[in-house]
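Per our numbering, the sequence shown starts with residue 16, numbered consecutively.
Backbone N, C-alpha and C fix where the C-beta goes; we use that ideal spot for every residue, glycine too.
Computed from a predicted model, the values in this text were never measured in an experiment.
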Amino acid sequence: VTNLATGKTATASSIEGTGYEAGKAVDGNTGTRWASQSSDPQWIYVDLGQSYKVNRVKLNWEAAYGKGYKIQVSGDSTNWTDVVTVTNGDGGIDDLSFTPTNARYVRMYGTSRGTSYGYSLYEMEVYGANNLAASKIATSSSNESGYDAGKAVDGNTTTRWSSQYSDPQWIYVDLGSTQKISSVILNWEAAYSKDYKIQVSTSGTSSWTDVMTITGGDGGIDNLTFTATDARYVRIYGTARGTAYGYSLYEFEVYN
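As structure tokens, then:
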């Protein structure tokens, strides 16, 4: 698993002095560190260089740790979205996981220091999410000509699967082996699903277990998380279309 932050450009709200620059938190060396001034708030962010789907940040605190802080992500380093909020940190190593989210910039925004010193990190690591459905075999109940099931798992958001114009319809992906999954991301075309279920199976495609039921969906991107479940096959089972058209997905992604 690759740490996307290593060797990238980091920027901080302040530094304690020479030798404690932001870059020291992303140099892959736990013998060096970033340290801020002794006040709140303080922050540090890393520019990954391009957008990645990330789902984990690991912070290796020096004795001057963050008690209250947020992990935030951004596409432009101006507008930030909170993905994790920590209110009672105790230092050491904080290994934080969250729903897979697109990010180029990842920030630790500290609101409450754990000591009278500043914030200090030996390392700030960022990890990408692995889409288990990418390029796997997909099967659907129907499709419009040229819009086959495989188009929903090809990693290309300009191609799509599209079904016939009736209910119900479904699409499933074979992950190739049983995996523990806890997240599905659906990128709907204008022909979206209003009501549908996320279903899984480990034994084949004749018996399914519901892990999530959606009612009143409104299209766009549905970022869905559920209790970690063993699955080899993952299915979207649509019971009510949101339009007069069928069901159409640009991408159907599955994550651990």
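Report the CB separation of residue i from residue j in whole angstroms; it is logged as a contact under 8 Å.
{"i": "I186", "j": "R119", "result": "Contact doesn't hold; Cβ gap of about 30 Å is too wide."}
{"i": "D225", "j": "A255", "result": "D225 to A255, Cβ: 15 Å. No contact."}
{"i": "S178", "j": "S155", "result": "6 Å"}
{"i": "Y270", "j": "N146", "result": "6 Å"}
{"i": "T172", "j": "Y265", "result": "5 Å"}
{"i": "A246", "j": "S221", "result": "That pair is no contact at about 15 Å."}
{"i": "E31", "j": "G133", "result": "6 Å"}
{"i": "Y279", "j": "R48", "result": "Outside the shown range of the chain (16 to 271) lies residue 279, about which nothing can therefore be said."}
{"i": "T17", "j": "A78", "result": "The pair is not a contact, with the Cβ atoms about 29 Å apart (cut-off 8 Å)."}
{"i": "V69", "j": "A144", "result": "6 Å"}
{"i": "A259", "j": "Y180", "result": "7 Å"}
{"i": "Q52", "j": "S29", "result": "4 Å"}
Is residue i a contact residue of the ligand ATP, with contact defined as CB to any heavy atom under 7 Å?
{"i": "G235", "result": "As for the ligand ATP, it is missing from this structure, which has no ligand bound."}
Answer yes or no: do residue i and residue j have a C-beta to C-beta separation smaller than 8 Å?
{"i": "A272", "j": "A149", "result": "Only positions 16 to 271 of the chain appear in the structure, and residue 272 is not among them; the question remains open."}
{"i": "K23", "j": "L74", "result": "no"}
{"i": "W280", "j": "G125", "result": "Not covered by the structure: residue 280. The range shown for the chain is 16 to 271."}
{"i": "G81", "j": "Q184", "result": "no"}
{"i": "S135", "j": "A50", "result": "yes"}
{"i": "S197", "j": "A243", "result": "yes"}
{"i": "K151", "j": "V188", "result": "yes"}
{"i": "I229", "j": "N202", "result": "no"}
{"i": "L19", "j": "V99", "result": "no"}
{"i": "S157", "j": "D55", "result": "no"}
{"i": "W76", "j": "G46", "result": "no"}
Here's the rule I'm using: 16 or more other beta-carbon atoms within 10 Å means buried, otherwise exposed. How should residue i be labelled?
{"i": "A206", "result": "buried"}
{"i": "K195", "result": "exposed"}
{"i": "S218", "result": "exposed"}
{"i": "S92", "result": "exposed"}
{"i": "I108", "result": "exposed"}
{"i": "Q214", "result": "buried"}
{"i": "S208", "result": "buried"}
{"i": "G261", "result": "buried"}
{"i": "A25", "result": "buried"}
{"i": "G257", "result": "buried"}
{"i": "S263", "result": "buried"}
My parser needs the alpha helix (DSSP H) runs of 4 or more residues fully inside the segment 183-222; what are they?
Taking 4 residues as the shortest admissible run, the segment 183-222 contains no complete alpha helix (DSSP H) segment at all.
Just to confirm the assignment: which complete beta strand (DSSP E) runs, minimum length 3, are found wholly within the segment 33-83?
Those beta strand (DSSP E) runs which fall completely within the segment 33-83 and span 3+ residues are 57-76.
Count the CB pairs spanning the segment 82-96 and the segment 121-137 that are closer than 8 Å, and state whether there are at least three.
Output reads yes: the segment 121-137 touches the segment 82-96.
Decide yes or no for the touch test of the segment 106-118 against the segment 38-49: beta carbon pairs closer than 8 Å, at least 3 of them.
As far as the Cβ criterion goes, the segment 106-118 does not touch the segment 38-49, which means the pair count is below three.
Return the chain-ordered ranges of every beta strand (DSSP E) run that is complete within the segment 77-123 and spans a minimum of 3 residues.
Assignment of beta strand (DSSP E) within the segment 77-123, counting only whole runs of 3 or more residues, yields 81-89 and 96-101 in chain order.
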